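> In this note's numbering, the protein residues as written are 188 to 767.
Idealized CB from N, CA, C, for every residue including glycine.
All figures in this text were calculated on a predicted structure; none of them were measured in a lab.
Mind having a look at this structure? Questions to follow.
Structural data, given as structure tokens:
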């Protein structure tokens with residue numbers, strides 16, 4: 188029976204859906220694969236239906252016990268070329284997982300090559316691919332030179348690359364090297380990695396992906412170390428860097444299109460003891476949603492911040508370390524207040540995302556186009572709102588303050604550990620305290636914590652010794668439990684999927700202005716803000732623990748324990764009471 192008829196017979200598709208799938212079918216694709224791509228049926232449903240029809244067993248490889256010792260003797264060309272994976276062997280019979288029940292020739296060929304009776308079982312292609320990457324390493328198929336050419340076409344360079352004709356350049360143009368680099372980039376994008384770390388070690392090349400803020404080492408075959416120089420040269424060529432320069436750090440950029448989505452890759456190369464280390468920052472332009480409400484702010488904080496970003500003038504600062512989501516918060520703020528009646532100009536280094544209706548400037552320090560100089564010229568373009576990528580020095584700080592004093596609303600970022608530290612940081616730069624106190628309207632510190640996987644998180648009531656002392660454990664009970672990370676197939680056995688922000692918003696009240704004017708310490712300013720009801724990063728994180736969005740471990744990982752004042756504790760208790 189034809190595949191479409193099988194799906195129709197099993198009730199997975201109706202006649203109209205079947206017609207839609209057939210119209211979308213191209214390039215010899217299996218009809219069930221097209222139906223899965225269109226979202227009309229899940230891969231598991233389709234494969235189970237096919238398995239029952241052709242008399243094969245369907246197996247869930249995530250739950251199945253697999254004899255990994257078979258990989259030592261199993262011909263790898265069948266794994267990479269035909270997507271066959273050995274499951275178990277018993278009494279001259281080899282059980283092999285496949286996602287294609289109609290491709291029988293490679294099974295016969297495998298039987299001849301091994302001298303065993305091959306019994307196929309059906310399994311998800313994604314699960315087979317996951318096993319290959321987990322146990323044979325990222326890029327293992329490339330080393331064998333067996334990755335299909337069609338896969339290469341999924342990574343498309345949006346800019347021409349230059350070739351200097353050198354030996355390194357020729358090595359980087361080898362098809363196997365190109366496929367290997369493409370496979371590393373594809374795997375990173377598919378796993379939602381924000382950064383790729385390619386690190387030469389004495390024992391060989393290490394590849395790590397930063398997923399949801401945490402580095403995950405990737406299994407790679409030992410042979411990949413032979414390609415170390417070729418991989419780095421290929422990345423240098425793609426990012427228009429000097430491949431002959433191996434003594435100095437270099438920065439570049441790659442523009443890619445992957446599966447129809449544009450991805451911007453920032454490349455940093457630094458010479459190290461065992462070779463050049465490379466870090467790739469991946470900016471998925473199609474995967475970002477700049478929505479202030481979706482960042483994770485509690486309702487009361489969102490309302491306060493929403494009022495602040497509509498002020499006619501002043502400075503609003505967002506602080507935090509690199510990778511804490513500051514740019515996302517600022518972009519979301521700009522889009523929240525963007526309108527046809529306001530002119531918004533940004534000066535950034537680099538411009539990470541292009542926003543419709545907003546005028547963005549890329550600074551170039553090497554030619555003198557710095558934050559400070561662009562700010563002076565921006566004012567001549569009659570803006571209403573200005574975004575400065577980062578206040579790094581006195582010149583930029585003074586120009587930002589001058590813009591605020593002349594009736595502009597200025598957004599910027601600053602590298603401090605908490606909100607209160609922003610006032611003292613500006614004063615330490617050389618800005619007069621009375622200017623800081625009169626222009627800074629609010630400072631928001633933020634961090635990102637991983638959110639629990641909704642498919643596997645489990646409720647539990649921790650014991651007192653398992654919780655940091657500054658967390659009010661008495662608020663947790665069997666009726667109101669908190670959750671812990673477990674791990675499942677959906678989250679790649681990590682227990683977390685995605686991230687959410689935790690925030691500390693310090694509004695510059697009259698008391699805070701006076702303290703900043705008097706050069707008070709950041710501790711004094713923080714203490715005063717707590718008494719006025721400010722919620723710290725740690726407290727905001729605890730609210731997200733109680734709501735089941737993250738875990739105690741995550742909050743403890745990104746925030747420092749603090750001794751709360753009695754009024755600060757009361758404010759938290761009142762907040763929790765309102766949410767209850």
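Can you tell me where the beta strand (DSSP E) with residue 546 in it begins and where it stops?
Looking at the DSSP string, the run of the beta strand (DSSP E) that includes residue 546 is 546-549.
> Where does residue 444 fall in DSSP's three states?
Reduced to three states, the DSSP call for residue 444 is strand.
> By the three-class DSSP mapping on this structure, what secondary structure does residue 377 have?
Reduced to three states, the DSSP call for residue 377 is helix.
> Taking the alpha-carbon positions, what's the residue 454 to residue 549 distance?
For residue 454 and residue 549, the distance between alpha carbons rounds to 17 Å.
> Fully enclosed by the stretch 547-618, which beta strand (DSSP E) runs are 3 residues long or longer?
With a minimum length of 3 residues, the continuous beta strand (DSSP E) runs that stay inside the stretch 547-618 are 572-575, 596-601.
> My output table needs one value for residue 201: the three-state DSSP class, helix, strand or coil.
Reduced to three states, the DSSP call for residue 201 is coil.
> Using 7 Å as the threshold, is the C-beta distance between residue 624 and residue 700 below it?
Yes, the Cβ-Cβ distance between residue 624 and residue 700 is below 7 Å.
> How far does the beta strand (DSSP E) with residue 403 in it extend, from its first residue to its last?
Taken as a continuous stretch (DSSP letters only), the beta strand (DSSP E) holding residue 403 covers 401-405.
> How is the beta strand (DSSP E) around residue 791 delimited, first residue to last?
There is no way to answer for residue 791, as the model of the chain reaches only from 188 to 767.
> Can you look up residue 711 in the DSSP assignment and give me helix, strand or coil?
In the structure shown, residue 711 sits in a helix (DSSP, three-state: H, G or I).
> Using DSSP's beta-bridge definition, name the partner residues of residue 391.
For residue 391, which the question treats as bridged, DSSP gives the partners 388.
> Compare the C-alpha of residue 408 against each of 321, 698, 441 and name the closest.
The residue with the shortest Cα to Cα distance from residue 408 is 321.
> Can you tell me the Cα-Cα spacing of residue 459 and residue 734, whole angstroms?
Looking at the two C-alpha atoms, the distance is approximately 44 Å.
> Secondary structure at residue 358, three-state DSSP: helix, strand or coil?
DSSP places residue 358 in helix when its eight states are reduced to three.
> Just to confirm, is the Cβ distance from residue 245 to residue 236 under 7 Å?
No, Cβ-Cβ distance for residue 245 and residue 236 is not below 7 Å.
> If you count every other CB in all the chains shown that lies within 10 Å of the CB of residue 289, and 16 or more means buried, which is it?
With fewer than 16 Cβ atoms within 10 Å of its Cβ, residue 289 is classed as exposed.
> Grab the span of the beta strand (DSSP E) containing residue 230 for me, first residue to last.
Here residue 230 belongs to no beta strand (DSSP E); instead the alpha helix (DSSP H) covers 230-241.
> Taking residue 439 as the reference, which of 565, 537, 265, 257 has the closest Cα?
Ranking the options by Cα distance to residue 439, first place goes to 537.
> So, do the stretch 550-568 and the stretch 518-534 have three or more beta carbon pairs nearer to each other than 8 Å?
The answer is yes - the stretch 518-534 touches the stretch 550-568, with three or more Cβ pairs under 8 Å.
> With burial defined as no fewer than 16 other Cβ atoms inside 10 Å of the residue's Cβ, what is the status of residue 241: buried or exposed?
Exposed, by the Cβ-count rule.
> What would DSSP say about residue 295, mapped onto helix, strand or coil?
Here residue 295 sits in helix by DSSP.
> Assign residue 178 to one of three DSSP states: helix, strand, or coil.
Residue 178 lies beyond the range of the chain shown here (188 to 767); nothing can be said about it.
> Within this structure, are the beta carbons of residue 420 and residue 355 separated by less than 7 Å?
For residue 420 and residue 355, yes; Cβs fall inside 7 Å.
> In chain order, what residues of the same chain have a beta carbon less than 7 Å from the beta carbon of residue 658, not counting five sequence neighbours either side?
729, 739, listed in sequence order.
> Among residues of its own chain, excluding the 5 on either side of residue 219, which ones have a beta-carbon nearer than 7 Å to its beta-carbon?
For residue 219, where only same-chain residues beyond five positions count, the Cβ hits under 7 Å are 190, 194, 233, 237.
> Does the separation of the CB atoms of residue 746 and residue 724 fall below 7 Å?
Yes, they are a contact pair.
> Using the DSSP secondary-structure output, state which residues sit across from residue 451 in a beta bridge.
DSSP lists 442, 470 as partners of residue 451.
> Applying the 10 Å Cβ sphere with the 16-neighbour rule, what's the burial state of residue 687?
By the 10 Å Cβ count, residue 687 comes out buried.
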